[in-house]
Amino acid sequence: MSEVNIKNIRNYLKTNILNNNTFIGREDERKEIFDLIQKTVQHGESNSALVVGPRGSGKTALIEDVLTELQKSQTFNNDAILVKLHGLIHTDDSLALRSITSQMKLDNAVDGKVFGSFAENLAYLLACLRAGEKHTSKCVIFILEEFDLFCAHHNQTLLYNLFDISQSAQTPICVLGITCRLDVIELLEKRVKSRFSHRQYFLYPCKEDCDYISRLEHTLTKIEYYLSLPEDMKFKINSTLKKQWNKTLKGLLADKKFRAVIQRLVDIDLNERTLKNILNLEIISMISGAGSRNQKEYQFFKLLVTSKQISDALKKYVGLPTEVVQWANSSLV
Ligand SMILES: Nc1ncnc2c1ncn2[C@@H]1O[C@H](COP(=O)(O)OP(=O)(O)OP(=O)(O)O)[C@@H](O)[C@H]1O
Ligand SMILES: [Mg+2]
7 MSEVNIKNIR NYLKTNILNN NTFIGREDER KEIFDLIQKT VQHGESNSAL VVGPRGSGKT
67 ALIEDVLTEL QKSQTFNNDA ILVKLHGLIH TDDSLALRSI TSQMKLDNAV DGKVFGSFAE
127 NLAYLLACLR AGEKHTSKCV IFILEEFDLF CAHHNQTLLY NLFDISQSAQ TPICVLGITC
187 RLDVIELLEK RVKSRFSHRQ YFLYPCKEDC DYISRLEHTL TKIEYYLSLP EDMKFKINST
247 LKKQWNKTLK GLLADKKFRA VIQRLVDIDL NERTLKNILN LEIISMISGA GSRNQKEYQF
307 FKLLVTSKQI SDALKKYVGL PTEVVQWANS SLV
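With the sequence shown counted from 1, adding 6 to any position gets you our numbering.
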């Protein structure tokens, strides 16, 4: 295979693995969450729910997929406001409130106003959404990533207020918390817990993953999905090569030794994220020599680009710090 072909194939596969946002499976949970948000947008019903699952199980991917579909509709874009908060970024309620204000584009409306309490401030923001009429209001979809971290905030004021609003018939809001802690409900204070709907979606390994044999098959299908080259590919790779690549891939997937390795990975715990990382590292090493001069035992990380890509980039960027240039010259092949 020529250098150019390798480069093209690698580029395509890397993009397919890293940027492929197609969500596979979990139809039931997907539909329920979709309906839940849709109810808030179309019928003004307030809701709250938690999406719980282990790290890398696809919680964020699932919500993003649902939101992407919702955003295709004009009703959603006109009637709903999306507010995303993250437990690691919004570490206290005042930071969260500031972000809510700016995501609702209400910075100007609150400018210079003094509020007696958090609740008053939030109520003011939501009241701003009622466009003149008392009975019509835009709805707000709150997505709280790393939901468990919000439970550590002082008095759980934000959660208390959000859940309280979701239970009253004021502004329609939908509060979706995302967390990997199974015991998350136990972290809620009593008065907060009593206002939560107790609707929870658990992203356990999906049904097709449950039994032993089909888990392997399921993973092999995913590997094929990520690594095969489609006919209508944008990159210029001749069709004989494509066919040959796909045939070799099929052969590999049927190979006993390969299946044994994958079986072992599946037994240990193979979530989508680990699978993608493993595949990605394999794709990167299609040209041997990436960082080969680095001492292996001190390799804290693996480069996801080849030495050649780095030196090409160095030539393009003028004015780089000399340390970077020196590092590249001394450490890369
Ligand atoms: N069902 C799926 N279909 C396609 N890709 C998936 C699926 N589930 C997970 N992924 C992919 O796996 C990776 C990890 O998923 P994601 O970030 O959503 O996990 P998470 O549950 O939010 O993890 P964390 O708890 O660390 O935030 C992402 O690259 C995502 O695209
Ligand atoms: Mg996530």
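All residues carry an ideal CB built from backbone N, CA and C; glycine is no exception.
Per-residue DSSP class, three states only, for Y207: Secondary structure of Y207 (DSSP, three-state): strand.
Apart from the five residues on each side of it in sequence, which residues of its chain come closer than 7 Å, Cβ to Cβ, to L42? Take L42, set aside five residues on each side of it, and the residues of its chain with a beta-carbon closer than 7 Å to its own are N53, A55, C180, in chain order.
message: Just to confirm, is the Cβ distance from G50 to P178 under 8 Å?
response: A contact, by the Cβ cut-off of 8 Å.
Item to check | Per-residue burial, H160 [other beta carbons within 10 Å of its own, 16 or more giving buried] | outcome: With a threshold of 16 other beta carbon atoms within 10 Å, H160 falls short and is exposed.
#### Entry: Beta-carbon contacts of K262 that lie in its chain and below 7 Å, excluding the five residues immediately before and after
The beta carbon of K262 sits closer than 7 Å to none of the beta carbons in its chain outside the five residues before and after it.
Checklist entry - Are any of the Cβ atoms in chain D nearer than 8 Å to that of H160? => result In the displayed structure, chain D is absent; only one protein chain is listed.
### Query
Is the stretch 185–204 close to the stretch 81–90, with three or more CB pairs under 8 Å?
Using a Cβ-Cβ distance cut-off of 8 Å, the stretch 185–204 and the stretch 81–90 are not in contact, since fewer than three pairs of beta carbons, one from each stretch, lie closer than that value.
Per the contact definition of three or more C-beta pairs closer than 8 Å, is the stretch 253–273 in contact with the stretch 227–243? When C-beta atoms of the stretch 227–243 are compared with those of the stretch 253–273, three or more pairs fall below 8 Å, so the two segments count as touching.
- Take Y207 and list the residues in its own chain whose beta-carbon comes closer than 6 Å to its own, dropping the five residues that flank it on each side. Excluding its 5 nearest sequence neighbours in each direction, Y207 has C-beta neighbours in its own chain below 6 Å: E35, V57, listed in chain order.
Which word fits G297, buried or exposed, when buried means at least 16 other C-beta atoms lie within 10 angstroms of its C-beta?
With a pLDDT of only 48 at G297, under the threshold of 50, the placement of this residue in the model should not be trusted, and no figure is reported.
Q. Between L91, I243, L247, K282, which lies nearest to N25 when the distance is taken from Cα to Cα?
A. Just measuring C-alpha positions, the residue of L91, I243, L247, K282 sitting nearest N25 is K282.
### Query
CB of I95 to nearest heavy atom of ligand 2: below 7 Å?
No, the beta carbon of I95 sits no closer than 7 Å to any heavy atom of ligand 2.
| query | Is the beta carbon of F40 less than 8 Å from the beta carbon of E75? | reply | Contact: yes.
Check your understanding: Mind checking whether V89 and V47 have CB atoms under 8 Å apart?
Key -> Against a cut-off of 8 Å, the Cβ pair of V47 and V89 comes out as no contact.
Quick check on the contact list: which residues have their beta carbon closer than 7 Å to a heavy atom of ligand 2? The set, ordered by position in the chain, is K65, T66, E151, I184.
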